[in-house]
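Note sheet for the following structure.
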Amino acid sequence: MIEPIQFFLPGPSYVPEDVRQAMTKPVVGHRSPGFKELYSRIAERLPRVLRTRGDVLIATGSSTLIMESAVVSCVRREVLNLTNGAFSERWHAISKAVGKSADQISVPWGQAVAPELVRSALRRKRYDAVTVVHNETSTGVMNPIADIARAIREESDALILVDTVSSLGGAPVETDAWGLDVVLAGTQKAIAGPPGLTLFTLSERAAERAAAVSHRGFYTDLLRYRDKHREGGPITTPAIPLVYALDVQLDRILDEGMEARWERHERLYRKTAAWAASQGCEYASAENARSRTVSCLNAPAGVDPQTVVKGLAERGYTIGGGYGDWKPTTFRIGHMGEVRESDLDALLAEIDQILERAAAPAVH
Ligand code: PLP
Numbered sequence: 026m027i028e029p030i031q032f033f034l035p036g037p038s039y040v041p042e043d044v045r046q047a048m049t050k051p052v053v054g055h056r057s058p059g060f061k062e063l064y065s066r067i068a069e070r071l072p073r074v075l076r077t078r079g080d081v082l083i084a085t086g087s088s089t090l091i092m093e094s095a096v097v098s099c100v101r102r103e104v105l106n107l108t109n110g111a112f113s114e115r116w117h118a119i120s121k122a123v124g125k126s127a128d129q130i131s132v133p134w135g136q137a138v139a140p141e142l143v144r145s146a147l148r149r150k151r152y153d154a155v156t157v158v159h160n161e162t163s164t165g166v167m168n169p170i171a172d173i174a175r176a177i178r179e180e181s182d183a184l185i186l187v188d189t190v191s192s193l194g195g196a197p198v199e200t201d202a203w204g205l206d207v208v209l210a211g212t213q214k215a216i217a218g219p220p221g222l223t224l225f226t227l228s229e230r231a232a233e234r235a236a237a238v239s240h241r242g243f244y245t246d247l248l249r250y251r252d253k254h255r256e257g258g259p260i261t262t263p264a265i266p267l268v269y270a271l272d273v274q275l276d277r278i279l280d281e282g283m284e285a286r287w288e289r290h291e292r293l294y295r296k297t298a299a300w301a302a303s304q305g306c307e308y309a310s311a312e313n314a315r316s317r318t319v320s321c322l323n324a325p326a327g328v329d330p331q332t333v334v335k336g337l338a339e340r341g342y343t344i345g346g347g348y349g350d351w352k353p354t355t356f357r358i359g360h361m362g363e364v365r366e367s368d369l370d371a372l373l374a375e376i377d378q379i380l381e382r383a384a385a386p387a388v389h
């Protein structure tokens, strides 16, 4: 049983109480037999979440660490960044910041990246890797990763680096079936763990290519993570309480089952979409590209989105405001992680009341 959820930020998301409690257990040595046993129990279960037969590695650090590490480790020189929102733009900024030669296919916010665009870019130039964000949390857009990955594989030998930060655990992510080389996600979104750990994969071909890249750094060297993992542990002292938390939350995720979890998120999205239509809140994301974990909505005409965000805060609820340039016009509901339909119903009823008040003529 979990308590009613009133926290709908598009990450970090609500963390169940037993998961929070797990973090209070005494710390042990990270090379102790006890920790090794815990680590291997987690390592054995994680591939079911990321849908891979390969290793799933764990970094202490937020998702941005592994976005950077993936570029540092896997890109010799040329990288193509597909951008359609703030986090994919961050990956482009990272690629330049670490000294790679980075090109960008930039798609307007609110639209998905079309596989055909990627195809034609790859026909023009050879790249070591392509980066793409599955679920743009800033705009509520979900990119068609399976189709994009197919286009990349058909046109080139570029590695496929995918940020699934706000989709893993809430929408299908098929690492092996889609042929993805690095899939990364922090634990603080649809996984519903505390922030601070990042889970990621490294395909065999990515590992081979990385071996030929010089200066992969130390904390950013994905091969080092893989080698230490194969010895049965993390590369350095991990955030041990977060690992305790992950252990408990993984059980919850696998008890529910990945398919059931995706279906629950699909129902949450559909409920939000039906409600939004009834309230005249238009999605800021194109209809064929809507995220299943976060709805980015335009406030109804004449209503400041901050009225909704602040009104909810006064009632004990949290949602996200708009991101970057979209701050003045949108708000974001994170329907991810452990949120149930009953939690969402309660939130939407609160927003109904706030919008009703906002629409009522002022009494003088
Ligand atoms: N990628 C996406 C899609 C995100 O939503 C976020 C954070 O919201 C990040 C990357 C960055 O994650 P972190 O803050 O864990 O580094």
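So in this note's numbering, spot 295 of the sequence shown is number 320, and the numbers just go up one at a time. Heads up, the beta-carbon is just placed ideally off N, CA and C, and yes, glycines get one too.
When the alpha-carbon of R144 is set against those of E180, T162, V155 and I170, the nearest one is in E180.
For N313, the secondary structure class from DSSP, reduced to helix, strand or coil, is helix. Within the model, the alpha-carbon separation for R357 versus R151 is close to 37 Å. Counting along the chain, I119 sits inside the alpha helix (DSSP H) bounded by residues A111 to A122. Pairwise C-beta distances place the stretch 316 to 324 in contact with the stretch 288 to 295, as three or more of them are shorter than 8 Å. For Q129, the enclosing beta strand (DSSP E) begins and ends at S126 to S131. Restricting attention to beta strand (DSSP E) runs no shorter than 3 residues, the stretch 51 to 112 encloses them at 81 to 85 and 103 to 108, ordered along the chain. Taking 4 residues as the shortest admissible run, the stretch 183 to 236 contains the following complete alpha helix (DSSP H) segments, listed from N- to C-terminal end: 229 to 236. Within the DSSP secondary-structure output, F33 pairs in a beta bridge with I344. Between V208 and T200 a beta carbon distance of about 5 Å is seen, short of the 8 Å cut, so the two are scored as contacting. Taking 7 Å as the cut-off, the beta carbon of V138 is found no closer than this to the beta carbon of L184. Note: N323 is bridge-paired with T355 in the DSSP secondary-structure output. Around A146, the same chain offers L105 and I130 as residues with beta carbons nearer than 7 Å, after the five sequence neighbours per side are excluded. For G36, the shortest separation between its Cβ and any heavy atom of ligand 1 lies below 6 Å.
Taken through DSSP and simplified to helix, strand or coil, E161 comes out as strand. Around A314, the same chain offers Q136, A137, V166 and M167 as residues with beta carbons nearer than 7 Å, after the five sequence neighbours per side are excluded. If the five residues before and after R115 are omitted, its C-beta is found closer than 8 Å to the C-beta atoms of T89 and M92, all from its own chain and listed in chain order. Going by beta carbons, R251 and L227 fall inside the 7 Å limit. By the criterion of a C-beta distance shorter than 6 Å, R175 is surrounded by no residue of its chain, once the five residues flanking it on both sides are discounted. Note on R382: under 16 other CB atoms within 10 angstroms of its CB, so exposed under the neighbour-count rule.
With respect to the C-alpha of T332, the residue from P353, V155 and H159 having the closest C-alpha is P353.
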